[in-house]
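Protein chains: 2
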Amino acid sequence: MKQEILRILSFNKGNFVSGEEISEKLKVSRTAIWKHINALREDGYIIESQTRLGYRLVKKPDLLLPEEVRLNLNSRIIGSEVKYYSKIDSTNTEAKKLAQMGEKEGTVVIAEEQTGGRGRKGRAWNSPFGMGIWVSVILRPQISPVEAPGLTLVAAVAAAKAVRNVTGLPVKIKWPNDLMLNSKKVGGILTELSAEIEVVNFIVVGIGINVNNESFPEELREIATSLKIEQAGKEKLDRVQLLCELLHRFEEEYFAFITGRQKEILKQWKGLSDTLSSIVRVIGPSSIIEGRAVDLDETGALLVEKEDGSVERIISGDVSLRSIPSKDV
Amino acid sequence: MKQEILRILSFNKGNFVSGEEISEKLKVSRTAIWKHINALREDGYIIESQTRLGYRLVKKPDLLLPEEVRLNLNSRIIGSEVKYYSKIDSTNTEAKKLAQMGEKEGTVVIAEEQTGGRGRKGRAWNSPFGMGIWVSVILRPQISPVEAPGLTLVAAVAAAKAVRNVTGLPVKIKWPNDLMLNSKKVGGILTELSAEIEVVNFIVVGIGINVNNESFPEELREIATSLKIEQAGKEKLDRVQLLCELLHRFEEEYFAFITGRQKEILKQWKGLSDTLSSIVRVIGPSSIIEGRAVDLDETGALLVEKEDGSVERIISGDVSLRSIPSKDV
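Okay, structure coming up:
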């Protein structure tokens, strides 16, 4: 009911809707409506009320409230259930717990703040309150563990497209899992899986995007940025809109993945990559490799051509770009 | 203390040990000893007590009590912590939960009965009370997910060797994860992992061995057996002894695995295999393949040579043997 009232007020944003009209549409008493309006106000919505005129939505809170997400979501499965936390250790950890207990495919975990946000290999991910999109998606594809890296590609393509669609900013993908803007990190992806040897039980894909951060801790200042910082007008972005676009694009790419259209995803990934055709240095678990990143293979491995002409297939490592290709995208 | 008293009584099994002697050795009062003796009796130990003579251990309960495991264990890490349950849904599920919460490497979960015991791909595993060894081991190797199948080989070799050492029965390994006796299933392995794309968080290896089962549900009678049924004298086996031997062998093979001696494990696996050199039919996720199983590669994949001479690399599937090689092992 709260959701329905919010829908009506949002639809008429800026204009008054009479209590009578809402009451008729939703077939509830005006007292009930009044109660739900107050609940919305407690969530942070600014709603004006005037005798005779009714209610008017003046301002939405800058929060990723599930009601707002539902209101703006175009996807069918991804985001069909939203678990929302004001503060949590890590959305990926929470999503893994939920999945372990049987939570269904498509459920997303969202938090305004992560106190123990993680990137690859347990590295910390700075996730201050209300500044970013920190979201984890539960997936249950019937694939083997070796196919799981494909979902990092799915998430990277979806996130890059969502950011481009909403902000117009030319975000790029750095192998294997970073989103880059002006050579600084603006987002990242953490894919985790629970599996038997032959078959995946579930996969959790975490996506972190720095949206409205205005500054970063000193140790990150040189390497991290936010969409707001990189935008011409330095305007605050609508996180709900970006999140919903992200979930929608994610679903689109995920459907491509599970219906065998990996090549489409790969093609898009390549078009969005800042790594391919660059000279790279890759610090791997046991060696350092330098060369030109020439391609991505179907498993998500990076192919690096060394000076001697031999091509190395890299499945794990930290990439730094030594020269960036001049072509603009 | 209970553990220490049990150690003294077990060491002198069949003979009386005076309360005074125990009291002096352990530096506790005779009343305290009497209390612990009663606790042991409640666990199912039959302990005779006589004035002047003291205590005498007559019979141990047929249970995998942690005190008994500790008493008989030769390993250093695997089994260093034992979580014991009379009845549980699945030791693997419990071990995964514990590992998720940070439980350390080597901890084992043991149950007398599993109500939801599982084999590969969620298939049910019959696990009646006190009849078998249903154990799961938590491991934290620093490996990538693609290396995880190697731990199924580790477990299979360890289990086959342990059964052979304790019973003399010529148990064999059927690819990928079954223990066979006289062409019937006597045990199985279920390896599950939690991982990022590049690195494993933890691995749980579950091992189930039918030890003292006297019969099986009708649908399993043709395909399953127990060590007791296959033994010449049909004698009941000491499950504690077998479990401790299993954990010991497991540790040995696991150390080989993490120190890069995969080839040793592979060699042993091949020697214990009933699959290699047999004509097999493999029902895979998308096709059926027939041919001769010619080898196992380092990743644990089965190599099958088809009639046309081509060799197929199989990472997933159900194998049935069409002919068994005549050579005895």
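Protein chains in written order, with UniProt numbering: chain A, 1 to 329; chain B, 1 to 329. In this text, a Cβ means the ideal position worked out from N, Cα and C, and glycines have one as well.
Beta-bridge partners of residue i, as assigned by DSSP
| i | result |
| --- | --- |
| Asn210 of chain B | B:Gly132 |
| Ala195 of chain A | A:Val200 and B:Leu193 |
| Ser23 of chain B | Answer is none; Ser23 of chain B lacks a bridge partner. |
| Glu312 of chain B | B:Val304 |
| Arg221 of chain A | DSSP lists no partner for Arg221 of chain A. |
| Ile143 of chain A | Paired residue(s): none; Ile143 of chain A is not in a bridge. |
| Lys172 of chain A | A:Met180 |
| Lys87 of chain B | B:Glu113 |
| Ile281 of chain A | Inspection of the sequence shows that residue 281 of chain A is occupied by Arg rather than by Ile. Its beta-bridge partners are A:Glu290 and A:Ser320. |
| Ile138 of chain A | A:Val204 |
Residue i versus residue j - alpha carbon distance
| i | j | result |
| --- | --- | --- |
| Glu24 of chain B | Glu81 of chain B | 29 Å |
| Glu290 of chain A | Lys185 of chain A | 21 Å |
| Ser44 of chain B | Arg239 of chain B | The question names Ser, yet the displayed sequence has Gly at residue 44 of chain B. About 15 Å. |
| Ala124 of chain A | Gly117 of chain A | 6 Å |
| Ser316 of chain B | Pro145 of chain A | 11 Å |
| Glu214 of chain A | Gly233 of chain A | 13 Å |
| Thr93 of chain A | Phe216 of chain A | 24 Å |
| His36 of chain B | Tyr55 of chain B | 12 Å |
| Gly208 of chain A | Gly132 of chain A | 7 Å |
| Glu218 of chain A | Val135 of chain A | 25 Å |
| Lys104 of chain A | Ile77 of chain A | 10 Å |
| Glu251 of chain B | Ser75 of chain B | 6 Å |
| Asn210 of chain B | Tyr84 of chain B | 18 Å |
| Arg120 of chain B | Lys13 of chain B | 41 Å |
| Ile189 of chain B | Asp62 of chain B | 23 Å |
| Leu9 of chain B | Val58 of chain B | 9 Å |
| Ala231 of chain B | Asn212 of chain B | In the sequence as presented, Ala is not what sits at residue 231 of chain B; that position holds Gln. Answer to the nearest angstrom: the Cα atoms are 10 Å apart. |
| Val329 of chain B | Ile229 of chain B | Residue placement at Val329 of chain B is poorly supported in this model, since its pLDDT is 39, which falls under 50; the coordinates still yield a value, given next. In a straight line, the C-alpha of Val329 of chain B is about 20 Å away from that of Ile229 of chain B. |
| Gln262 of chain A | Lys267 of chain B | 37 Å |
Beta-carbon contacts of residue i that lie in its chain and below 6 Å, excluding the five residues immediately before and after
| i | result |
| --- | --- |
| Ile173 of chain B | Ala156, Ala160, Leu272 and Ser273 |
| Asp318 of chain A | Ile283 |
| Gly309 of chain A | none |
| Gly106 of chain B | Ile77, Ile78 and Ser80 |
| Ala162 of chain A | Glu245, Leu246 and Arg249 |
| Lys87 of chain B | Glu113 |
Limits of the beta strand (DSSP E) - the one that residue i falls within
| i | result |
| --- | --- |
| Ser320 of chain B | Asp318 to Ser323 |
| Tyr45 of chain B | Segment: none, Tyr45 of chain B is in no beta strand (DSSP E) and carries neither H nor E. |
| Leu179 of chain B | Asp178 to Leu181 |
| Gln241 of chain B | Unbroken run through Gln241 of chain B is the alpha helix (DSSP H), Arg239 to Ile258; no beta strand (DSSP E). |
| Arg292 of chain B | Ile288 to Leu296 |
| Lys97 of chain A | Run containing Lys97 of chain A: none in the beta strand (DSSP E); it sits in the alpha helix (DSSP H), Thr91 to Gln100. |
| Gly233 of chain A | Unbroken run through Gly233 of chain A: none, as it is neither H nor E. |
| Lys59 of chain B | Gly54 to Lys59 |
Same chain only: Cβ atoms within 7 Å of residue i, ignoring 5 sequence neighbours per side
| i | result |
| --- | --- |
| Gln3 of chain A | Glu67 and Arg70 |
| Glu253 of chain A | Val154, Val157, Ala158 and Ile265 |
| Glu307 of chain B | Gly291 |
| Ala148 of chain A | Thr191, Leu193, Val200 and Ile203 |
| Gln241 of chain B | Asn72 and Val166 |
| Glu298 of chain A | Gln262 and Leu266 |
Close-in-space but distant-in-sequence residues of the same chain around residue i (CB under 8 Å, 5 per side omitted)
| i | result |
| --- | --- |
| Asn165 of chain B | Glu245 and Arg249 |
| Leu151 of chain B | Leu139, Pro141, Thr191, Ile203, Val205, Tyr254 and Phe257 |
| Leu53 of chain B | Phe16 and Ser18 |
Residue i versus the options, residue with shortest Cα-Cα distance
| i | options | result |
| --- | --- | --- |
| Val17 of chain B | B:Asn38, B:Met1 and B:Gln50 | B:Gln50 |
| Glu222 of chain B | B:Asn182, B:Leu63 and B:Ala95 | B:Asn182 |
| Thr91 of chain B | B:Ala111, B:Arg76 and B:Gly79 | B:Ala111 |
| Trp269 of chain A | A:Val109, A:Trp175 and A:Glu230 | A:Trp175 |
| Leu321 of chain A | A:Ser277, A:Glu198, A:Gly119 and A:Gly188 | A:Ser277 |
| Gln114 of chain A | A:Asn126, A:Val58, A:Glu103 and A:Lys121 | A:Asn126 |
| Asp295 of chain A | A:Gly309, A:Thr275 and A:Ser310 | A:Thr275 |
| Asp89 of chain A | A:Glu235, A:Ala293, A:Pro128 and A:Asn212 | A:Pro128 |
| Leu179 of chain A | A:Gly168, A:Ala224 and A:Val137 | A:Ala224 |
| Glu48 of chain A | A:Glu235, A:Ile197 and A:Gly19 | A:Gly19 |
| Met1 of chain B | B:Thr31, B:Gly14, B:Asn15 and B:Lys13 | B:Thr31 |
| Gln100 of chain B | B:Ile46, B:Val171 and B:Ala195 | B:Ala195 |
| Ala39 of chain B | B:Gly130, B:Ile5 and B:Glu305 | B:Ile5 |
| Val304 of chain A | A:Val280, A:Pro285, A:Ser323 and A:Asn15 | A:Val280 |
| Gly168 of chain B | B:Leu237, B:Lys96, B:Gly130 and B:Ile46 | B:Leu237 |
| Ile143 of chain B | A:Ser286, A:Glu298 and A:Leu302 | A:Ser286 |
For residue i, the first and last residue of its enclosing alpha helix (DSSP H)
| i | result |
| --- | --- |
| Ile5 of chain B | Lys2 to Phe11 |
| Gly116 of chain B | Run containing Gly116 of chain B: none; DSSP gives neither H nor E here. |
| Leu227 of chain A | Leu227 to Glu230 |
| Arg164 of chain B | Pro149 to Thr167 |
| Arg70 of chain B | Pro66 to Asn72 |
| Gly271 of chain B | Gln262 to Leu272 |
CB contact check: residue i to chain C, cutoff 8 Å
| i | result |
| --- | --- |
| Pro128 of chain A | Within the model displayed, chain C is absent; protein chains A and B are what it includes. |
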